[in-house]
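Undergrad: Per the working numbering: the sequence shown = residues 39 to 120. A virtual CB, placed ideally from N, CA and C, is assigned to each residue, including glycine.
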Amino acid sequence: MGYFRSSYAWKKKRAQIVSKYHGKCPICGAEAHEVHHIIPIKVLDDLKLDDNNLILLCAHHHRLAHLGVISQSALIKMTKKH
39 MGYFRSSYAW KKKRAQIVSK YHGKCPICGA EAHEVHHIIP IKVLDDLKLD DNNLILLCAH
99 HHRLAHLGVI SQSALIKMTK KH
């Protein structure tokens, strides 16, 4: 996965997602820098560049998403609003 994160495809997609959310976390509106894979790459590699599987989050909400406090279904709903 290290190669993927340094790939041109990921850097381009990451920039698109940051732009899509105007650099703001859709949950709290704070400045955000972390693009989160709603369904992890290790679970379903085919979705690693899918806009509907990617969301920009602030560090706090990214951590909560990884802990499962924010559900995958809630995150997916947020991607549909943007």
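Is the closest heavy atom of the ligand GDP to the C-beta of His-120 under 7 angstroms?
TA: With respect to small molecules bound, the structure shown includes none, and the ligand GDP cannot be examined in it.
Undergrad: Kindly indicate the opening and closing residues of the beta strand (DSSP E) around Val-73.
TA: That run of the beta strand (DSSP E) goes 72-75.
Undergrad: Can you give the Cα-Cα distance for Lys-51 and Arg-43, rounded to whole angstroms?
TA: So the alpha carbons of these two residues sit roughly 11 angstroms apart.
Undergrad: Between which two residues does the beta strand (DSSP E) carrying Leu-95 extend?
TA: Start and end: 92-95.
Undergrad: Going by CA-CA distance only, name the one from Leu-102, Val-56 and Gly-106 that's closest to Thr-117.
TA: Here the closest residue by C-alpha is Val-56.
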